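Note that the protein sequences, when read in sequence, are chains A, B, C and D. Under our numbering, the first residue of the first sequence carries the number 1, and numbering increases by one thereafter. Under our numbering, the first residue of the second sequence carries the number 326, and numbering increases by one thereafter. Under our numbering, the first residue of the third sequence carries the number 651, and numbering increases by one thereafter. Under our numbering, the first residue of the fourth sequence carries the number 976, and numbering increases by one thereafter. Note that beta-carbon positions come from the ideal geometry of N, C-alpha and C, so glycine has one too. If you're wondering where the values come from, they're calculated on a predicted model, not measured in any experiment.
Number of protein chains: 4
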Amino acid sequence: MTEPVRDLAHLSHVELLTPKPDESLVYFREILGMEVAGEQGDSVYLRAFGDYERASLKLTASAQAGIGHLAYRTHSVEALERRVAALEAAGAGGAWHDGDLGHGAAYGFLDPDGHRFELFYESERYAAPPELRPALKNQPHRYPGRGVGVRQLDHVNFLAVDPGENRVFLQTNLGLRLTEQIVLDDGTEAGVWLASNQKSYDVTYTRDLTRTPGRLHHIAFFVDQREDVLRAADIFLEHGIVMESGPHKHAIQQTFFLYTWEPGGNRVEVCSGGFLIFAPDHEAVVWSQAERAKGQAWGMQTVASFHIKGTPHVSEEDALLAGGH
Amino acid sequence: MTEPVRDLAHLSHVELLTPKPDESLVYFREILGMEVAGEQGDSVYLRAFGDYERASLKLTASAQAGIGHLAYRTHSVEALERRVAALEAAGAGGAWHDGDLGHGAAYGFLDPDGHRFELFYESERYAAPPELRPALKNQPHRYPGRGVGVRQLDHVNFLAVDPGENRVFLQTNLGLRLTEQIVLDDGTEAGVWLASNQKSYDVTYTRDLTRTPGRLHHIAFFVDQREDVLRAADIFLEHGIVMESGPHKHAIQQTFFLYTWEPGGNRVEVCSGGFLIFAPDHEAVVWSQAERAKGQAWGMQTVASFHIKGTPHVSEEDALLAGGH
Amino acid sequence: MTEPVRDLAHLSHVELLTPKPDESLVYFREILGMEVAGEQGDSVYLRAFGDYERASLKLTASAQAGIGHLAYRTHSVEALERRVAALEAAGAGGAWHDGDLGHGAAYGFLDPDGHRFELFYESERYAAPPELRPALKNQPHRYPGRGVGVRQLDHVNFLAVDPGENRVFLQTNLGLRLTEQIVLDDGTEAGVWLASNQKSYDVTYTRDLTRTPGRLHHIAFFVDQREDVLRAADIFLEHGIVMESGPHKHAIQQTFFLYTWEPGGNRVEVCSGGFLIFAPDHEAVVWSQAERAKGQAWGMQTVASFHIKGTPHVSEEDALLAGGH
Amino acid sequence: MTEPVRDLAHLSHVELLTPKPDESLVYFREILGMEVAGEQGDSVYLRAFGDYERASLKLTASAQAGIGHLAYRTHSVEALERRVAALEAAGAGGAWHDGDLGHGAAYGFLDPDGHRFELFYESERYAAPPELRPALKNQPHRYPGRGVGVRQLDHVNFLAVDPGENRVFLQTNLGLRLTEQIVLDDGTEAGVWLASNQKSYDVTYTRDLTRTPGRLHHIAFFVDQREDVLRAADIFLEHGIVMESGPHKHAIQQTFFLYTWEPGGNRVEVCSGGFLIFAPDHEAVVWSQAERAKGQAWGMQTVASFHIKGTPHVSEEDALLAGGH
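Okay, structure coming up:
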């Protein structure tokens, strides 16, 4: 048996596109409790108190909501080179470019569904300015005590026309591990959850029922306690933020979740709980169509929009919601 | 720069020695909510609901309280072979022996302070019997709904005459990473925290003020929420279990802790919280003597016994407690 | 202004009817964590760890699910006599009878919708047997550390053909205070919440859309923390108990709720949170049809069955669920 | 048996004296998350999000830290008149004066130890301005999402030379109920807990070991969840607020507590948990000297300063702390 590839260290950051950049900024800064870590062009960079890197969110003004790119940091320079070589050998190569604020040269490429990924190694270690200096030096910046208080970016969920194809691509070329999976009776992979490290997943693909490539289902930020998610719901309610579903616990991955719509139109999750996967030889948990039909939230159903909507918004969503799913 | 060694997958289990095996068993099974996973000779094996392996605790009847051994699982057979070769090259070699119940051949050796470690790769994947089958198939066995409900073994804290010497040994030979450290004004390392994976630590050494080699400070089990630790305190109180310190949050590692004395005389922690370390190039956080003097629990002091007592119990502890420290 | 009547001290207990008494008993004892406090005829009495009286639940075998009676304890003998006199003067008199196990003579009568109420004053103060003796003497019996661990009966929610008529009856004759209310655009009272003390409600009437008199919507037990409700969901899932709705927070009364179906067919809620009402001159909060349409659970909708089903079950429920509501 | 007096509705507000009014204001507004509800002379009025009255804290600039007065609202005008008549008949009469901002005429008097009490009935019902309007109309103002987020004033703990004498005074003249009590072997009452309603206490006296009359031990604000207290500790730590003791659970009253020193020098508690007392004939729980010696916090000891210090600060405290206690 060949030893598994473990070249990717962790999900580093995500670029989110918003047609309402000012309102989206209020959502992430005042309501989620993140801090601005820089600005450049049409983008504002934001960071959570647990981020050791400069930023985990790049918020970019755009005509439409959706995802800009997702970036992983590798374990080393050599690991980065190995992944680039693998992508190019597979005919999936992209191009190097100067990184975002806070990290070095990045190699960008597309997954089969058309989402943009970036890989890099060189990264600026964040040093808090005096007003954000934490009481405990093992924490990157002080606990905000403002709004939800998210600790870090947790995962990104893409929509894809064919989740299985994207899974194979990421396993083969990036060395991500498949940890959980929905396989329908006809063999279709309706959802795949992949991980770069001992978190049980950091990127997910679920089926795009509108069959539109390159869309985003949601991005998720982590809070320490389930009670923080409940308090987040109290805070979202006070701010008039629309909550779509939750707080509840998914059967898959056991994530305790709350889905909201940020003002720019993207679905943003606040999550907690779940578990780590320690087994180096973990076998993916496969959920069948029948198991899946039992309901996702402690055995209860989630709302229809959750299974259909994404960003950018497409008119097929409305047709599907009108017709059931 | 050489790529770092990452051959150890995770802390797997610990063997605890108890002069009161029946009462200790009640503590772990009825109060912590673990399940018996096998018996052999003078040992009972126990597992928590999140263990994917057979057991995380081997409870062995013994004349004195203390630690039997601590075992890590490696990432692969090759990784195991690399570590054994490194240990033997360093003149720290031990010997192969048949494993405990639930895993294959293990390589045992001693750290400089005399604590026994074991390494192995082959491991039995746990399959729950019908009465312990969980509602969600991504969980090894059902949530007990009994007692504290610990999810998994979290870490082991050894006492050592010289923590620094043991740190170097584990970094060099096992590839563990140093994540946090106490360095006194005279350069003495009063405490070291090491990790095999993205958990921020799984093994710790703190100074043995009695200068007795090979002792245990405590073992710790993880619960999902800080509220579970508070509820644990309620439960320990009802069962007459002596609590030494906590619930509180350490400055170092930010662990939310509660220390109890199990009936056999060993200190056992129930913990939650903390954080993961994602940075592949994490630099150890170093706490100075002055920082340390600020108090460990949200800036408050912990009790004197916490800094002195261990197992097996030695008479020097009493002398130190009488004289202050 | 006349001083308000405050003769009722608190909701004392409820009698629940079950066609599956053995399975219902397992639900309340093993899953909710209550203790058996006596048996008599077809009834088993159960108590929660916070009950200072003997029992808060009388579980009675019956052909159909539903409610037997609800009992309030008065502040004094004189207060009891005043309430009986008021009921008789209003032509709503009932009859005295020997009490249930644990309390003295009770006066039983019916509300306009036909639910049975009982009032009493003399009550046996519970003294825990050795095996249930708590560590802290200000607690009636020890925290169970088993299952959900409910502290006490919280409230009873009746269905009624006309909630408003029943509200007037309870305000006038028992001196209960109206704390919150749903008033539709046509003036219909769709729901009323009443309180005997500083808890914000202990009895509720919501409209019976099947127009069947005397039915029960649910009974509710209190746990100390919202996290306990989340953990309850984990436990219910493991035991195959069907959850209908929640964990979520109601807009009305801000109760944090989880509704389950106990094996006998009655809806049982586990709840926490909410608030106390300290104002002696509290004015009822009135929710309009439009406000109500915004959704009940942090602004999200609850499932249709929640608004229709009750016990005993009637066939009109199925018709309503098929036709929407 | 005479029916018990229940003329006091609830603890309404407290006046705190501070030599550092600006810094104390930051503590209550930015760290505890209260809102300013008015200013007058040397006083700033503050309110918490659950206060239905205008304010629960009057913060008054003063040469020394300490307590100004404590105020109860009565159930009615008649109840107020009855209490005034009782006080005057007992020779403990005081005088009427115009109330603070937010309430009508108040009757002020002193307890035997010299603390000032006020009683009133007329009270302004708070109506939130647009920027503080809550999402849920059954809540006085919006959840702050800032700092600790306290809901309401919970209780006041006075120091007294003779707690027993003050207990008798409040039971007799105000109709407060004794709920818990510490009685030493020599019959001395070392602590008394009294309640006006179903909260298990709202005013407490503990012995002043310096034998200085009229001092304050602490005031306490309530948060909804124990987890909120833990998060409060995280927030206090970030703001450099000194924590004296906790988070922990008292044996007496089972309050989950955290004691801090606000910048003006007064001890302020953030608390949660505990229980309600529903029994109209509740008998006080009496803790003996031996029971008390078992430790207060889940069986562990609290720090010495907790048993000695109060405001205003007196030099005897230092002598006692130096000499043990």
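Taking Cβ to Cβ, would you say residue i is nearer than 8 Å to residue j?
{"i": "residue 14 of chain A", "j": "residue 153 of chain A", "result": "yes"}
{"i": "residue 772 of chain C", "j": "residue 758 of chain C", "result": "no"}
{"i": "residue 1215 of chain D", "j": "residue 1229 of chain D", "result": "no"}
{"i": "residue 223 of chain A", "j": "residue 148 of chain A", "result": "yes"}
{"i": "residue 1042 of chain D", "j": "residue 1191 of chain D", "result": "yes"}
{"i": "residue 229 of chain A", "j": "residue 247 of chain A", "result": "yes"}
{"i": "residue 62 of chain A", "j": "residue 18 of chain A", "result": "yes"}
{"i": "residue 336 of chain B", "j": "residue 527 of chain B", "result": "yes"}
{"i": "residue 425 of chain B", "j": "residue 486 of chain B", "result": "no"}
{"i": "residue 656 of chain B", "j": "residue 198 of chain A", "result": "Nothing in the structure corresponds to residue 656 of chain B, since chain B is present only between 326 and 650."}
{"i": "residue 1019 of chain C", "j": "residue 703 of chain C", "result": "This structure cannot speak to residue 1019 of chain C, because chain C is shown only from 651 to 975."}
{"i": "residue 816 of chain C", "j": "residue 736 of chain C", "result": "no"}
{"i": "residue 1026 of chain D", "j": "residue 1115 of chain D", "result": "yes"}
{"i": "residue 1255 of chain D", "j": "residue 846 of chain C", "result": "no"}
{"i": "residue 135 of chain A", "j": "residue 142 of chain A", "result": "yes"}
{"i": "residue 569 of chain B", "j": "residue 630 of chain B", "result": "yes"}
{"i": "residue 514 of chain B", "j": "residue 488 of chain B", "result": "yes"}
{"i": "residue 678 of chain C", "j": "residue 721 of chain C", "result": "no"}
Quick one: is residue i near chain B, going by C-beta distance under 8 Å?
{"i": "residue 1291 of chain D", "result": "no"}
{"i": "residue 673 of chain C", "result": "no"}
{"i": "residue 171 of chain A", "result": "no"}
{"i": "residue 157 of chain A", "result": "no"}
{"i": "residue 93 of chain A", "result": "no"}
Just the chain B side, please: which residues come within less than 7 Å of residue i by C-beta, in chain order?
{"i": "residue 792 of chain C", "result": "563"}
Quick one: which chain B residues come within Cβ less than 8 Å of residue i?
{"i": "residue 1322 of chain D", "result": "For chain D, the structure presents residues 976 to 1300; residue 1322 of chain D sits outside this window and is missing."}
{"i": "residue 50 of chain A", "result": "600"}
If the cut is a Cβ gap below 9 Å, which residues of chain C does residue i touch?
{"i": "residue 471 of chain B", "result": "795, 796 and 797"}
Just to make sure I have the definition right: I need the residues of chain D whose C-beta is within less than 9 Å of the C-beta of residue i. Which are they?
{"i": "residue 235 of chain A", "result": "1118 and 1120"}
{"i": "residue 903 of chain C", "result": "1113"}
Shorter than 8 Å from the beta carbon of residue i to some beta carbon of chain A?
{"i": "residue 600 of chain B", "result": "yes"}
{"i": "residue 684 of chain C", "result": "no"}
{"i": "residue 877 of chain C", "result": "yes"}
{"i": "residue 396 of chain B", "result": "no"}
Listing by chain order, which chain D residues have their CB less than 8 Å from the CB of residue i?
{"i": "residue 134 of chain A", "result": "1213"}
{"i": "residue 574 of chain B", "result": "1205, 1208 and 1209"}
Counting only C-beta atoms, is residue i closer than 8 Å to chain C at any point?
{"i": "residue 1199 of chain D", "result": "yes"}
{"i": "residue 230 of chain A", "result": "yes"}
{"i": "residue 1260 of chain D", "result": "yes"}
Could you tell me whether any Cβ in chain D is nearer than 8 Å to the Cβ of residue i?
{"i": "residue 653 of chain C", "result": "yes"}
{"i": "residue 706 of chain C", "result": "no"}
For residue i, return the contacting residues in chain D, with the cut-off set at a CB-CB distance below 7 Å.
{"i": "residue 624 of chain B", "result": "1212 and 1218"}
Can you pull the chain A residues whose beta carbon is under 7 Å from the beta carbon of residue i, in chain order?
{"i": "residue 505 of chain B", "result": "138"}
{"i": "residue 335 of chain B", "result": "278"}
Residues of chain B with CB closer than 9 Å to the CB of residue i, please, in chain order.
{"i": "residue 197 of chain A", "result": "522, 523, 601 and 603"}
Show which residues of chain C have a CB atom less than 8 Å away from the CB atom of residue i.
{"i": "residue 309 of chain A", "result": "Residues of chain C passing the Cβ test: none, with the nearest at roughly 15 Å."}
Could you work out which residues of chain F lie near residue i, taking near to mean beta carbons separated by less than 8 Å?
{"i": "residue 401 of chain B", "result": "Among the protein chains in the structure shown, which are A, B, C and D, there is no chain F."}
If I'm right that residue i touches residue j with Cβ under 8 Å, what's the distance once you round it to whole angstroms?
{"i": "residue 638 of chain B", "j": "residue 390 of chain B", "result": "7 Å"}
Which complete beta strand (DSSP E) runs does the segment 1130-1185 of chain D hold, if anything under 3 residues is left out? Runs of the beta strand (DSSP E) spanning 3 or more residues and lying entirely within the segment 1130-1185 of chain D occur at 1152-1158, 1164-1170 and 1178-1182, in chain order.
Every unbroken alpha helix (DSSP H) within the segment 333-377 of chain B, with a cutoff of 4 residues, ordered by chain: Whole alpha helix (DSSP H) segments, 4+ residues: 346-351.
Runs of beta strand (DSSP E) lying entirely within the segment 96-150 of chain A, each at least 3 residues, in chain order: Complete beta strand (DSSP E) runs here, min 3: 106-110 and 116-120.
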